[in-house]
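**Student:**
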Amino acid sequence: MAISDRPGGLTALAALNGFFAISSGFSALQRIITSYRLFAYQQDPEASQSRWSRRDLESMIEAKVDPLQMELLGVLSAVVALLLACSVWGLLKRNRWAGKWCSTLAALGMASVSLLAIQVLPLNQLRGVGMDLVRQLFYPLFLLFMVHGIFRKDLRPR
Amino acid sequence: MSGGLQILLHARNSLSASLRSGSGVAFIVLTMIVGLGLASLVFMPIESELITPEEFKTNAAQAVGYFLSMATLQPGAISSFEDRLGSGDLVDLAMWGRYLVLDHPVLLSLTVMLLGLVLPILLQLGSFASISGDVQHRSIRYLLPRTTRPALLLGRLLGALILSWSVITCLMSAIVLYLGIVLPLDGWDALIPWGFQTLGALVVLSVPYVALGVLCSTLFRVPMVALMGAVGFTVAVPLIAFSSRQAWEPLGKILYLLPWGYAHQLLSPDGSKVLQAALFCLGHGLIFTIIAVLRLRRADL
Amino acid sequence: MMDSHSLLKIERLSHRFGDKVAIDGIDWSLDQQGVVGLVGPNGAGKTTLFSLIAGFLRVQEGSIAVLDGAAPGSRSLVSRVAVMPQDAIFARDVSIVDQMLFLRSLDGVTGATARQEVVAALDSVGLADQLDRGAAVLSHGMGKRLGVAQAILGSPELILLDEPTAGLDPANAMQVRALIRNLGKKALVIVSSHNLLELQDLIDEVAVIVAGKMVASGPIDEVTGSARRFEIRLGRAISPGDLQQILDEERVRGVSQDGVQLTVDLDASADLGLDAALDQLLHRLLRLGVPPHQLREGASLEEAYLRLTGESEESPTRLIQAAGPSATALDERDEPDSLDAAAAAESSDDR
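Chains as they are written, first to last, in our numbering: chain A, 47 to 204; chain B, 3 to 303; chain C, 158 to 508.
1. Ignore the nearest five residues each way along the sequence and tell me which others in residue 25(B)'s own chain have a CB closer than 6 Å to its CB.
2. Since I believe residue 314(C) is in contact with residue 345(C) (beta carbons under 8 Å), could you give me their beta-carbon distance rounded to a whole number of angstroms?
3. Tell me whether residue 42(B) is buried or exposed, calling it buried when 16 or more other Cβ atoms sit within 10 Å of its Cβ.
4. Would you please verify whether the beta carbon of residue 249(C) is less than 8 Å from any beta carbon of chain A?
5. Do the CB positions of residue 289(C) and residue 254(C) come within less than 8 Å of each other?
6. Which chain C residues sit within Cβ distance under 8 Å of residue 136(A)?
7. Considering only C-alpha positions, which residue in the set 235(C), 280(C), 328(C) and 409(C) is nearest to residue 312(C)?
8. Comparing C-alpha positions only, which one of 185(C), 165(C), 182(C) and 190(C) sits nearest to residue 343(C)?
9. Starting from the Cα of residue 421(C), find the closest Cα among 446(C), 390(C) and 223(C) and give me that residue.
10. Can the beta-carbon of residue 224(B) be found closer than 8 Å to that of residue 162(B)?
11. My output table needs one value for residue 166(C): the three-state DSSP class, helix, strand or coil.
12. Given a cut-off of 8 Å on the beta-carbon distance, is the pair residue 319(C) and residue 349(C) in contact?
13. Indicate the three-state DSSP secondary structure (helix, strand or coil) for residue 58(B) in the structure shown.
14. My assumption, with CB atoms under 8 Å, is that residue 252(B) sits in contact with residue 283(B). Please give the rounded CB distance.
15. Which partner residues of residue 342(C) appear in the DSSP bridge assignment?
16. Given a cut-off of 8 Å on the beta-carbon distance, is the pair residue 347(C) and residue 363(C) in contact?
17. Output yes if chain A places a C-beta closer than 8 Å to the C-beta of residue 494(C); else output no.
18. Which residues in chain B have a C-beta closer than 9 Å to the C-beta of residue 54(A)? List them in chain order.
19. When burial is assigned at 16 or more other CB atoms within 10 Å of the CB, is residue 176(C) buried or exposed?
20. Output yes if chain B places a C-beta closer than 8 Å to the C-beta of residue 198(A); else output no.
21. Quick one: is residue 45(B) buried, meaning 16 or more other Cβ sit within 10 Å of its Cβ, or exposed?
22. Does the CB of residue 104(B) have a neighbour CB from chain D at under 8 Å?
23. Identify whether residue 250(B) lies in helix, strand or coil by the three-state DSSP scheme.
24. Which class does residue 178(A) belong to by DSSP, given the choice of helix, strand or coil?
25. Cα-Cα, which of 219(B), 123(B), 100(B) and 57(B) is closest to residue 67(B)?
26. Three-state secondary structure (DSSP) at residue 142(B)?
27. Would the stretch 192–199 of chain A and the stretch 140–151 of chain B be scored as touching if the rule is three or more Cβ pairs under 8 Å?
28. How would you label residue 63(A), buried or exposed, when you count the other beta carbons within 10 angstroms and need 16 or more for buried?
29. So residue 340(C) contacts chain B; which residues on that side make the cut at Cβ distance below 7 Å?
30. With distances taken between CB atoms, is the gap from residue 220(B) to residue 153(B) smaller than 8 Å?
31. With a Cβ-Cβ cutoff of 8 Å, do residue 257(B) and residue 124(B) count as a contact?
32. Compute the distance between the beta-carbons of residue 305(C) and residue 275(C), then report whether it is under 8 Å.
33. Would you please state the rounded distance, in angstroms, between the beta carbons of residue 181(C) and residue 370(C)? I believe it to be under 8 Å.
34. Note down, in chain order, every chain C residue with its Cβ under 8 Å from the Cβ of residue 140(B).
35. Using only alpha-carbon positions, find the residue among 106(A), 51(A), 159(A) and 87(A) that is nearest to residue 122(A).
36. Between residue 307(C) and chain B, is there a C-beta pair that is closer than 8 Å?
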């Protein structure tokens, strides 16, 4: 007997979600670390920082980046990463909650983080602007279409 | 049941199966991400304010002119720059460049020209398993008692075409909407007609390449071999044509084994040339389809 | 068997795979509905023959006329021929019920009617609880049953079933056999199987194919020579003399002994048929003082098969046959119970 009757498309979606989970996880880590460094820089600008990172932090302060907002983005990215990771398991196991709803929340989260980032971050901190952002928004929309359309029956309670 | 209805049933089934398969998901995601990535590359200089739209158009005109002169460089008598200048060929090219860059939304024109280079390869991802997947696992043996081989092949081809056309339409819609709403260099009155015309060009251009994918799918029993065959042929034809032309000019005609030699005419300002290129594309698609039908009819499955 | 038109006519059919001859000049004609068995050793050409009839393989030499003269794979045969291929698998990305509904839609039946038929077909093979599963998760036996279910969808006139019960548990195999028996009342069903005991009870006609050649075909009684084999367990082993007495009975064609197990081939063709032959045998056993403890019918088709395919030499059977005045043994080896060496030599010559 075969191990699973999971459609190949669900496996591919799980793999893509895994890829985006790792990407969001790194992004979250980077943003949280940056927010703490911003806090530290604001409290003591002379504290030991490398010249490169000091310049980077100064540019963010000049762009009026709020460390709290940066932290919030980091936390949101971490939540998205977690949801995507759960959805990987859910899609592979064809679990309705972990597969369908974690994917849905993760897709909404990915889109929200991309849009929020434009409001909050300076250009040099953004992963993409303009058309590149549309490219980033494509995957969440595609994920929603797949889990609520094509794989609707596969992710329902059995 | 009539053959036509069976073709439609196969098309619907093939479309649904493609969307549920790993290769179908990979095809959609890759095509969209690569397409939007190309558009992003084209838009970036203006979006990042590295260049003004006017400067961009001047540079784009040069790039388009170079592209067109390369694309229209025919093997045969009129091949040197002087000959082309004398024949008025280059004047026509300048008009053509103006048509694409100044008369119509330049960003859309450039994006479509780049897509025309990349889509032929990406489209193979949506069609390579049309027949070979079923032949490899012999699930085609469940279908054959209930259908004819030509109906099966034409249905699968139609399914692959509909999937490809849907993805291209989504891609072009995203680009046109973005150009209209976020980066309004041109008004909707210019964007919408040109959007439809370029969409039509890409849709027509997709026909021979999807048919080639289906043909390879009937020639090879293993889907990955079919994919490699289709992509290899698509890439090898222009490479071999350009390199062999150096050795012996008539060999450059190899380019016409695929629409590489005339596809740019789909964006020509001359309507008759557009029509001619579109008919050539459809003819190419028809030839590949006929070969595929003949092959499948004779194949031991 | 019901009277009907010509359903399958094969003439001088040959097929090669490279240098290997898979089918070698087969002539075969089936004119009536019913269940027909196709038997033969592994690699004899059964699946190739099925594939040629179904139109999966192109006919290289000879001709096949299916259902009133159509060539295999013709448009006129669409949905009139059903096939359960041996080694095909269903698509893994689509649920079983959706695949079956699609197959039925190709026959022109859709909607609630199609769903009812599909559910009924799956129910008839015990797969009604697997509707929404993917085919990849099915066991070998379940896959076989799914193959049978798709073959019985609609009302095909010719059904080709390649090893339909291989790998099935006894209950499901019985269910499938009952299904095939019913199908045989309204269609020509050709079944290939290695389970000869099963086929013997199921089929009206049999064809034996060996090394690409059809060595025998016709009604099962003709092919088996009206021999009916019985396995009898005795209270004790009997002596060679007693064995000879059993063999001397008029309606006993052959007998062999393995401890307390007796294998007897009876001639059921004479007056009163099987009843009289059994009556004669049981009376003889009672007279010898060895009442049977258990009696069950064995595979007489198997005996014919082994004889026709020349495989009996490798069989451990120690059968002694009585063919009229001179007894014929199928096994020429020097066995303790062998009573007629001359007959054994004769049988060897036949082969």
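For each residue, glycine too, the CB sits at the ideal point set by N, CA and C.
**Tutor:** Judging by the given coordinates:
1. Result list for residue 25(B): 131, in chain order.
2. That belief holds up - the Cβ atoms of residue 345(C) and residue 314(C) are roughly 7 Å apart, short of 8 Å.
3. Buried is the call here.
4. Yes, contact with chain A.
5. Taking 8 Å as the Cβ cut-off, residue 289(C) and residue 254(C) qualify as a contacting pair.
6. In chain order: nothing, as chain C lies at least about 17 Å away.
7. Considering only alpha carbons, the answer is 235(C).
8. Nearest option by C-alpha distance: 190(C).
9. Ranking the options by Cα distance to residue 421(C), first place goes to 390(C).
10. For the 8 Å CB-CB criterion, residue 224(B) and residue 162(B) do not form a contact.
11. The answer is strand: DSSP assigns residue 166(C) an E or B state.
12. In this structure, residue 349(C) lies closer than 8 Å to residue 319(C) by Cβ.
13. Helix at residue 58(B).
14. At roughly 23 Å, the Cβ-Cβ gap does not stay under 8 Å, so residue 252(B) and residue 283(B) are not in contact.
15. DSSP output for residue 342(C) lists no bridge partner at all.
16. Contact flag unset, no.
17. With a pLDDT of 34 at residue 494(C), under the threshold of 50, the modelled position of that residue is not reliable, and the figure given next carries that caveat. Not closer than 8 Å to any Cβ of chain A, the Cβ of residue 494(C) fails to qualify, so no.
18. Neighbours of residue 54(A) on chain B, chain order: 22, 23, 24, 25, 26 and 27.
19. Burial call: exposed.
20. The Cβ of residue 198(A) sits no closer than 8 Å to any Cβ of chain B.
21. The residue in question, residue 45(B), is buried, as its Cβ has 16 or more Cβ neighbours within 10 Å.
22. Protein chains in the displayed structure are A, B and C, and chain D is not among them.
23. In the three-state DSSP reduction, residue 250(B) falls in the coil class, being neither helix nor strand.
24. In the three-state reduction of the DSSP assignment, residue 178(A) falls in the helix class, which pools H, G and I.
25. Among 219(B), 123(B), 100(B) and 57(B), the Cα nearest to that of residue 67(B) is on 100(B).
26. It is helical.
27. Output reads no: the stretch 140–151 of chain B does not touch the stretch 192–199 of chain A.
28. Within a 10 Å sphere around the beta-carbon of residue 63(A) sit 16 or more other beta-carbons, which makes this residue buried.
29. Those within 7 Å of residue 340(C) in chain B number zero; the least Cβ separation is about 15 Å.
30. Residue 153(B) is positioned such that its CB atom lies no closer than 8 Å to that of residue 220(B).
31. With respect to the 8 Å criterion, residue 257(B) and residue 124(B) are not classified as neighbours on the basis of their beta carbons.
32. Between residue 305(C) and residue 275(C), the gap from beta carbon to beta carbon reaches 8 Å or more.
33. Contact between residue 181(C) and residue 370(C) holds: CB atoms are separated by about 5 Å, below the 8 Å threshold.
34. The answer, in chain order, is 242, 244, 245 and 246.
35. Taking only the C-alpha atoms, the option nearest residue 122(A) is 159(A).
36. At least one C-beta of chain B is nearer than 8 Å to the C-beta of residue 307(C).
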